[in-house]
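J.: This is the structure I have questions about; it appears just below.
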């Protein structure tokens, strides 16, 4: 089965899967935010925890502060991101209570 066009500028994975929740080989549509981050945990089945660092402006002091957040994302078997990988996430419909993003490609690692 060939990878379908998901409408995002990302390279499709080389492996194939038969997962219906995969955005490349299944029917899950992606929309909204595109985020890059580092995988800090991939212990749970088909789940990856991604850490995202960003800057927040504090008007009182007219400076930026560093902040970070952890995002739970669906990790399809065709991508299979491991700890330490830099990945791209795309927003999708809620897959579970905490998962609203899906890993669409590995950038580095």
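Residue numbers (this note's numbering): 10 to 118.
We put the CB at the ideal spot given by N, CA and C, even for glycine.
#1: Assign residue 77 to buried or exposed, taking buried as 16 or more other Cβ atoms, counted over all protein chains shown, within 10 Å of its Cβ.
#2: For residue 31, which residues in the same chain have their Cβ closer than 7 angstroms to its Cβ, ignoring the five residues on either side in sequence?
#3: Judging by CA-CA distance, which residue of 35, 20 and 19 is the nearest neighbour of residue 26?
#4: Find the nearest neighbour of residue 101 within the set 70, 81 and 90, judged by alpha-carbon distance.
#5: Suppose the cutoff is 7 angstroms on Cβ atoms and the five residues either side in sequence are ignored; what does the same chain contact list for residue 61 look like?
#6: Here's the rule I'm using: 16 or more other beta-carbon atoms within 10 Å means buried, otherwise exposed. How should residue 53 be labelled?
#7: How long is the line joining the alpha carbons of residue 92 and residue 17, rounded to whole angstroms?
#8: In chain order, what residues of the same chain lie with their CB nearer than 8 angstroms to the CB of residue 108, ignoring the 5 residues before and after it?
#9: Relative to the C-alpha of residue 98, which residue among 111, 68 and 117 is closest?
T.: On the basis of the coordinates in this document:
#1: Label assigned to residue 77: exposed.
#2: Closer than 7 angstroms at the Cβ level, and outside the excluded window around residue 31, lie 37, 85 and 87.
#3: Selected option, being the one with the closest Cα: 35.
#4: The shortest C-alpha separation from residue 101 is found at 81.
#5: 44, 46, 77, 78 and 80, listed in sequence order.
#6: When all chains shown are included, residue 53 counts as exposed.
#7: Going by the C-alpha atoms only, they are around 24 angstroms apart.
#8: Excluding residues within five positions, the ones whose Cβ falls inside 8 angstroms are 56, 81, 82 and 83.
#9: Nearest to residue 98 by alpha-carbon distance, out of 111, 68 and 117, is 111.
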